[in-house]
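Student:
2 protein chains.
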Amino acid sequence: MGTPDTRQRILTAAEELFGQRGFQGVSIREITHLADANLASVNYHFGSKAGLIRSLVEHHLGSLNQERLDLLEQASANSGGATLPVEQILDIFFRPPVFRFVGPGRTFPGLLARLHNSCDPELIEVMLRVFGPLADRFLTELCRSVPHLEPRTLLARVNFMVGAMIHALAEGETMAQAFAGLEPRQQDPEFLTRQLVLFCAAGLRHE
Amino acid sequence: MGTPDTRQRILTAAEELFGQRGFQGVSIREITHLADANLASVNYHFGSKAGLIRSLVEHHLGSLNQERLDLLEQASANSGGATLPVEQILDIFFRPPVFRFVGPGRTFPGLLARLHNSCDPELIEVMLRVFGPLADRFLTELCRSVPHLEPRTLLARVNFMVGAMIHALAEGETMAQAFAGLEPRQQDPEFLTRQLVLFCAAGLRHE
DNA sequence: GGTGATATTAAACGATCGTTCGTTTCGAGC
DNA sequence: GCTCGAAACGAACGATCGTTTAATATCACC
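If you're matching them up, the sequences are chains G and A in order. When the count follows the working numbering, it moves up by one through the first sequence with no breaks and lands on 207 for the last residue. When the count follows the working numbering, it moves up by one through the second sequence with no breaks and lands on 1207 for the last residue.
(1) For chain G, is any of its Cβ atoms less than 8 Å away from the one on His1206(A)?
(2) 8 Å is my cut-off, CB to CB: does Gly1062(A) come that close to chain G?
(3) Within 8 Å of any Cβ in chain A, is that where the Cβ of Gly103(G) sits?
(4) Buried or exposed, going by whether 16 or more other CB atoms sit within 10 Å of the CB of Glu1073(A)?
(5) Contact defined as beta carbons within less than 8 Å: I believe Asp1036(A) pairs with Arg1068(A). What is the distance between those atoms, to the nearest angstrom?
(6) From this set, Leu1192(A), Ile1124(A), Ser1145(A) and Ala1201(A), which residue's C-alpha is nearest Phe1099(A)'s C-alpha?
(7) So the alpha helix (DSSP H) Pro97(G) belongs to, where does it begin and stop?
(8) Is there a C-beta anywhere in chain A that falls below 8 Å from the one on Cys200(G)?
(9) In its own chain, which residues sit with a C-beta less than 7 Å from the C-beta of Arg7(G), not counting the 5 before and 5 after it?
(10) Taking only three categories from DSSP, how would you classify Thr32(G)?
(11) Apart from the five residues just before and just after Arg1029(A), which ones in its own chain have a Cβ nearer than 7 Å to its Cβ?
(12) Can Asn159(G) and His1167(A) be called in contact, C-beta distance under 8 Å?
(13) DSSP three-state label for Gly1203(A), please.
(14) Which of the three DSSP states is assigned to Pro184(G) in this structure?
(15) Pick helix, strand or coil for Ala50(G), following the three-state DSSP scheme.
(16) Under 8 Å: do the stretch 42-61 of chain G and the stretch 89-96 of chain G share three or more Cβ pairs, one atom per stretch?
(17) Would you mind working out which of Ala77(G), Glu141(G), Phe199(G) and Ala170(G) sits nearest Arg21(G), comparing C-alpha positions?
(18) Quick check on Glu183(G) - is its C-beta less than 8 Å from some C-beta in chain A?
(19) Within 8 Å of any Cβ in chain G, is that where the Cβ of Phe1018(A) sits?
(20) Taking contact to mean 3 or more Cβ pairs, one atom from each stretch, closer than 8 Å, check whether the stretch 199-207 of chain G and the stretch 147-161 of chain G are in contact.
(21) When DSSP labels each residue in this structure, what does Val26(G) get in the three-state scheme?
(22) Kindly list, in the order they appear in chain G, the residues whose Cβ is closer than 8 Å to that of Ser1157(A).
(23) Output needed for Phe94(G): all residues of its chain with C-beta closer than 7 Å, excluding positions within five of it in sequence on either side, in chain order.
(24) Could you tell me the boundaries of the alpha helix (DSSP H) in which Thr1012(A) lies?
(25) Consult DSSP for Pro1109(A) and reduce its assignment to one of helix, strand or coil.
(26) Along chain G, in chain order, which residues have C-beta atoms closer than 8 Å to that of His1167(A)?
(27) Compare the C-beta of Gln24(G) with all C-beta atoms of chain A and state if any pair is closer than 8 Å.
(28) Under the three-state reduction of DSSP, which class applies to Gly990(A): helix, strand or coil?
(29) Measure the Cβ-Cβ separation of Glu141(G) and Leu84(G) and say whether it is below 8 Å.
(30) Give a yes or no on whether 8 Å exceeds the smallest Cβ distance from Thr1153(A) to chain G.
(31) What whole-angstrom Cβ distance do Leu31(G) and Val42(G) have, given they're in contact under 8 Å?
(32) With DSSP run on the structure shown, which of helix, strand or coil describes Val1146(A)?
(33) Can you find a C-beta in chain A that's less than 8 Å from the C-beta of Leu192(G)?
(34) Using the beta-carbon count (16 or more within 10 Å), is Glu1125(A) buried or exposed?
(35) Answer with yes or no whether the minimum CB distance from Gly1203(A) to chain G is below 8 Å.
(36) Considering Cα atoms alone, identify which of Phe138(G), Gly25(G) and His59(G) is closest to Thr12(G).
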């Protein structure tokens, strides 16, 4: 089997377990057991349990948000500075996380959803640092694209967007389908992205 | 000061603390300390820590969903069996939770958001039992009101709706405003309800 | 072959967790 | 006055938590 260095095995195991049961719901004994590593290796490689999840978040969300910023910059350049249509902005916003996080074995969205409701001040600080530049850039772009909304209204609706995406990513196949009595069919990233864009674009355009 | 029976004081304290830091993030020692009760009183009155949060969820969400079902039944009767407009259905769906949970001292939404991502099988069972009838009733009503959507699409978008509401309730004043650099102004329930209805109705109507 | 830095290991630490136990307090009913 | 059950209490239980320590293993390099 593929067993790279211990550090990477710990990260993989931690992502899976944190995504399933949250930060406080998983002990580093479980993580190191799944990673086939020693109990003390987490503290050796990451300093502490909090340092482990911090590495996890920075790695995943850092590159993800950089990809979104790059796509937005590129689209903005291609348009020659003209305001982008809402659908395009939203597609850039939704597509990277959906395609990264939807599918079998992608256990990060559960962790992402939990992080948004985290209480640990240290984790909140990480989230703000990782999401801050992204929020700034997309908000100004959306402000130009939907000028009829006052900032207060736009902010509220962007908050709806984020909630819709997180919820869909985190439990799209669990509770919602249990409610509807559907079979746990695999989610289609393209379908989900399209639905998110259509739903949220219509919601943003509305006066 | 108003100190009713111990059981009620425990419920109040638990709601506040669970809403702030989640089920696993709060010890029953903290709860009983805040409630000015003995450590063993939680196990005496609720059997266990899980029994405590179960009582909490059933009390809050049971009456809340009953109110929504009553409102929907009444609206359906008043319309003489005609299909209701989407905006009315959504208003009935959003208004009760928003007005109950938004405002100072309303600490339940954080708990609600966490419960939607809970991993405890027992809590999931409670959630399904409390939300099942509500989901059935609203989905059939929405299916009649937005007939152009196939069930799969409708289900995905209703999932967006739920996520938007939960996210707005749970952290409308924390992270979103921190991103935008806004002052933590008090949320207006009427504004939030209206925005949710407008945003989601437009999203649902879209082809 | 020895040396030193890096990595891994077993074992233990103190703290905190949820729960349980035996006792005491309290008030209504006879 | 007495009893009896509900309620509250202090104290302890066993378990598990994150973390630390000291010893051992691994391996490139001179």
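Where is the CB? At the ideal position from N, CA and C, for every residue including glycine.
Tutor: Quick answer:
(1) On the second sequence, position 206 is the one that residue 1206(A) refers to. It does: the Cβ of His1206(A) has a partner Cβ on chain G nearer than 8 Å.
(2) Position 62 of the second sequence, counting from 1, holds the residue named residue 1062(A). No, because no Cβ of chain G sits closer than 8 Å to the Cβ of Gly1062(A).
(3) Indexing the first sequence from 1 puts residue 103(G) at position 103. False, the Cβ-Cβ gap to chain A never drops below 8 Å.
(4) Residue 1073(A) sits at position 73 when you count from the first residue of the second sequence. Looking at its Cβ environment, which holds fewer than 16 other Cβ atoms inside 10 Å, Glu1073(A) is exposed.
(5) Within the second sequence, residue 1036(A) is the residue found at index 36, counting from 1. Within the second sequence, residue 1068(A) is the residue found at index 68, counting from 1. Between Arg1068(A) and Asp1036(A) the Cβ distance is about 34 Å, and since that is not below 8 Å, they are no contact.
(6) By one-based count along the second sequence, residue 1099(A) stands at place 99. Answer by Cα proximity: Leu1192(A).
(7) Taking the first residue of the first sequence as 1, we reach residue 97(G) at position 97. It spans Val86 to Phe101 - the alpha helix (DSSP H) in which Pro97(G) sits, taken as one unbroken run.
(8) Numbered from its first residue, the first sequence carries residue 200(G) at position 200. At least one chain A Cβ lies under 8 Å of Cys200(G).
(9) On the first sequence, residue 7(G) is found 7 positions in, with the first residue counted as 1. So the list reads His45, once near-sequence residues are dropped.
(10) Here residue 32(G) corresponds to residue number 32 of the first sequence, with the count starting at 1. Three-state result, Thr32(G): helix.
(11) Locating residue 1029(A) in the second sequence gives position 29, counting from the first residue. Cβ neighbours of Arg1029(A) beyond the five flanking positions: Leu1039.
(12) On the first sequence, residue 159(G) is found 159 positions in, with the first residue counted as 1. On the second sequence, residue 1167(A) is found 167 positions in, with the first residue counted as 1. Yes; because the gap between Cβ atoms is below 8 Å, this pair is in contact.
(13) Here the question's residue 1203(A) lines up with position 203 in the second sequence. Helix at Gly1203(A).
(14) As a first step, residue 184(G) must be located in the first sequence, where it is residue number 184. Because Pro184(G) carries a pLDDT of 49, less than 50, the predicted location of this residue cannot be relied on, and the following value inherits that uncertainty. Here Pro184(G) sits in coil by DSSP.
(15) Position 50 of the first sequence, counted from the first residue, corresponds to residue 50(G). Note: Ala50(G) maps to helix in three-state DSSP.
(16) no
(17) One-based indexing of the first sequence puts residue 21(G) at position 21. Per the Cα distances, Ala170(G).
(18) Translated into positions along the first sequence, residue 183(G) becomes position 183. With a pLDDT of 49 at Glu183(G), under the threshold of 50, the modelled position of that residue is not reliable, and no figure is offered here.
(19) Counting from 1 along the second sequence, the entry for residue 1018(A) is found at position 18. Taking Cβ atoms only, chain G never reaches closer than 8 Å to Phe1018(A), which makes this a no.
(20) yes
(21) For the purposes of this step, residue 26(G) is taken as residue 26 along the first sequence, with counting starting at 1. Note: Val26(G) maps to coil in three-state DSSP.
(22) As a position in the second sequence, residue 1157(A) is number 157, starting the count at 1. Note on residue identity: the sequence assigns Arg, not Ser, to residue 1157(A). Those within 8 Å of Arg1157(A) in chain G are Gln195 and Phe199.
(23) Start at 1 with the first residue of the first sequence, and residue 94(G) comes out as number 94. Result list for Phe94(G): Met165, Thr193, Leu196 and Val197, in chain order.
(24) Position 12 of the second sequence, counted from the start, is the residue given in the question as residue 1012(A). Residues Thr1006 to Arg1021.
(25) As a position in the second sequence, residue 1109(A) is number 109, starting the count at 1. Helix, per DSSP.
(26) Position 167 of the second sequence holds residue 1167(A). Those within 8 Å of His1167(A) in chain G are His116, Asn159, Phe160, Val162, Gly163, Ala164, Ile166 and His167.
(27) Here the question's residue 24(G) lines up with position 24 in the first sequence. Gln24(G) counts as touching chain A.
(28) Since the displayed chain A opens at 1001 and closes at 1207, residue 990(A) lies outside it and no answer follows.
(29) The residue given as residue 141(G) occupies position 141 in the first sequence. The residue given as residue 84(G) occupies position 84 in the first sequence. A contact, by the Cβ cut-off of 8 Å.
(30) Walking along the second sequence from the start, residue 1153(A) turns up at place 153. It does; some Cβ of chain G falls within 8 Å.
(31) The residue you call residue 31(G) lines up with position 31 of the first sequence. The residue you call residue 42(G) lines up with position 42 of the first sequence. This sequence places Ile at residue 31(G); Leu is not what is there. So it is a contact: roughly 6 Å between Cβ atoms.
(32) If you number the second sequence from 1, residue 1146(A) lands on position 146. If DSSP states are grouped into helix, strand and coil, Val1146(A) belongs with coil.
(33) The residue labelled residue 192(G) in the question sits at position 192 within the first sequence. Interface residue, yes.
(34) By 1-based counting over the second sequence, the position of residue 1125(A) is 125. Its Cβ having fewer than 16 others within 10 Å, Glu1125(A) is exposed.
(35) Here residue 1203(A) is taken as the residue at index 203 of the second sequence, counted from 1. Yes, Gly1203(A) counts as interfacial toward chain G.
(36) By one-based count along the first sequence, residue 12(G) stands at place 12. Here the closest residue by C-alpha is His59(G).
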